[in-house]
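Please read the structure below before turning to the comments.
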Amino acid sequence: MRLVLLGAPGAGKGTQADIMAEEFNIPKLSTGEMVRAEVAADTALGKEIKETINKGKLVSDSIMVDLVKNRISKNDCVNGFILDGFPRTIPQAEAFDSLIKSLDNQSFMVINFAVPTEELVKRISGRYTCKACNAGYHKEFKKPIVAGVCDKCGSSEFVFREDDKPEAVKVRIDVYNEKTAPLIEYYKKNGFLSEVNGTGTIEQINASVRALVKGFNSGFNKAAGEA
Ligand code: AP5
Ligand code: MG
1 MRLVLLGAPG
11 AGKGTQADIM
21 AEEFNIPKLS
31 TGEMVRAEVA
41 ADTALGKEIK
51 ETINKGKLVS
61 DSIMVDLVKN
71 RISKNDCVNG
81 FILDGFPRTI
91 PQAEAFDSLI
101 KSLDNQSFMV
111 INFAVPTEEL
121 VKRISGRYTC
131 KACNAGYHKE
141 FKKPIVAGVC
151 DKCGSSEFVF
161 REDDKPEAVK
171 VRIDVYNEKT
181 APLIEYYKKN
191 GFLSEVNGTG
201 TIEQINASVR
211 ALVKGFNSGF
221 NKAAGEA
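Quick note on this note's numbering: the sequence shown kicks off at 1 and runs consecutively.
Here it is as structure tokens:
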């Protein structure tokens with residue numbers, strides 16, 4: 001299964017991608033996590049893009065397309081993947097279409113999470129992640145089972161994202177509206193898009209995502225059987 005998750009900053013892409021990746025045993029490819037890892041490791045690329053990310057702006061299309069191309073070519077992606085945060089511009093979507101065509105032309109599903117701006121800000125302002133394993137939490141909506149201890153790895157060190165500061169969040173939302181929101185129309189035209197109401201609990205939204213994926217997979221299997 002190949003799944004692309006679209007949505008504004010804080011819409012819940014990463015949260016839903018983690019759940020689906022575990023259930024389907026396919027990797028989550030979060031381009032945000034990829035670029036933050038470059039920054040944390042202080043690589044040449046990390047040095048080049050650090051300021052751009054921290055200010056809430058987009059990294060260049062050519063860098064992002066190369067990162068995704070390399071990642072998708074790894075063995076663990078043969079049975080599918082979940083893209084979280086890519087594509088994010090029309091040129092990235094066009095490059096992704098070409099990449100899929102050059103691979104095997106297998107269809108992919110795009111799910112867009114619609115969430116009002118006030119809710120996005122609430123979600124981002126309470127977010128924190130485990131420093132060791134990157135598991136995501138929220139001070140109100142998704143607390144660890146044992147306070148101060150990561151559910152996944154037991155670490156007690158947590159971090160906040162530099163680009164979750166209010167001034168960067170404003171830039172990220174503006175950039176989303178200008179550069180990423182047009183992808184909704186792009187994928188509507190291509191017939192790949194499904195929309196999910198991104199408000200509600202994490203579990204309610206996950207139930208909608210599962211239902212869509214089930215429908216997509218059964219349509220896909222039927223088409224493959226008829227071919
Ligand atoms: P990225 O890391 O992708 O950030 P983003 O798109 O701004 O999205 P977020 O990670 O903030 O939100 P999310 O939708 O994953 O929400 P989450 O599940 O965490 O990108 C960061 C930067 O990297 C970019 O600004 C750019 O610089 C660069 N970059 C990355 N990809 C790029 C690309 N393709 N091109 C160019 N540059 C790129 O949820 C948020 C919070 O809400 C969490 O605390 C969660 O617990 C909580 N929550 C989730 N769902 C719910 C719910 N239903 N109810 C209540 N709380 C919820
Ligand atoms: Mg995310």
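Even for Gly, the Cβ is constructed at its ideal location relative to N, Cα and C. Just so you know, these numbers come straight off a predicted model, no measurement behind them.
G7 vs V115 beta-carbon contact at 8 Å
Between G7 and V115, the C-beta gap is smaller than 8 Å, which places the two residues in contact.
Are the CB atoms of G80 and R161 within a distance shorter than 8 Å?
No, they are not a contact pair.
Please identify the residue among S102, G85 and A207 whose C-alpha is closest to the C-alpha of G10.
When each option's Cα is compared against that of G10, the closest is G85.
Taking all protein chains shown into account, do 16 or more other C-beta atoms lie within 10 angstroms of the C-beta of I111, making it buried, or fewer, making it exposed?
Answer is buried; the Cβ neighbour count reaches 16.
Closer than 7 Å between the C-beta and any heavy atom of ligand 2: which residues qualify, listed along the chain?
This selection yields K13, G14, S30, G32, D84 and G85.
Does P87 pass the burial test, meaning 16 or more other C-beta atoms within 10 Å, or should it be called exposed?
With at least 16 other beta carbons inside 10 angstroms of its own, P87 counts as buried.
Leaving out five residues on either side along the sequence, give the residues of the same chain with a beta carbon under 8 Å from the beta carbon of F108.
R2, L3, V4, I100 and F192, listed in sequence order.
For E178, name the three-state secondary structure that DSSP assigns.
It is helical.
Taking 7 Å as the cut-off, is the beta-carbon of D97 closer than that to any non-hydrogen atom of ligand 1?
Short note on D97: C-beta not closer than 7 Å to any heavy atom of ligand 1.
Output the boundary residues of the beta strand (DSSP E) element that contains G136.
Going by DSSP, G136 is part of the beta strand (DSSP E) stretching over G136 to H138.
Using DSSP bridges, identify the partner residues of R2.
When beta bridges are read from the DSSP output, R2 appears opposite F81.
In whole angstroms, what is the alpha-carbon distance linking V69 and M34?
The question names Val, yet the displayed sequence has Lys at residue 69. Near 13 Å, if we compare the C-alpha coordinates of M34 and K69.
When we look at the beta-carbon of A40 and count the other beta-carbons within 10 Å, is it buried (16 or more) or exposed?
It counts as exposed.
Touching or not, the segment 125-135 and the segment 156-170, by the rule of three or more beta carbon pairs under 8 Å?
The segment 125-135 vs the segment 156-170: in contact.
Based on the DSSP output, what are the partners of N112 in its beta bridges?
In DSSP, N112 forms a bridge with L6 and E195.
Would you check if the distance between the CB atom of K28 and the CB atom of A37 is smaller than 8 Å?
At a Cβ-Cβ threshold of 8 Å, K28 and A37 do not count as neighbours.
Relative to ligand 1, is the shortest distance from any of its heavy atoms to the C-beta of A135 smaller than 7 Å?
Here the distance from the Cβ of A135 to the nearest heavy atom of ligand 1 is not below 7 Å.
Quick check: is any heavy atom of ligand 1 less than 7 Å from the C-beta of D163?
Relative to ligand 1, the beta carbon of D163 is positioned inside 7 Å of a heavy atom.
Flag this pair as yes or no: are the beta carbons of Y186 and A95 separated by less than 8 Å?
Cβ distance not < 8 Å, so Y186 and A95 don't count as in contact.
Classification of L83 by the beta-carbon crowding that lies within 10 angstroms, buried from 16 upward
The residue in question, L83, is buried, as its Cβ has 16 or more Cβ neighbours within 10 Å.
Can the beta-carbon of T89 be found closer than 8 Å to that of D61?
Taking C-beta atoms as the reference points, T89 and D61 count as a pair closer than 8 Å.
Continuous alpha helix (DSSP H) stretch holding L29: start and end
Unbroken run through L29 is the beta strand (DSSP E), K28 to S30; no alpha helix (DSSP H).
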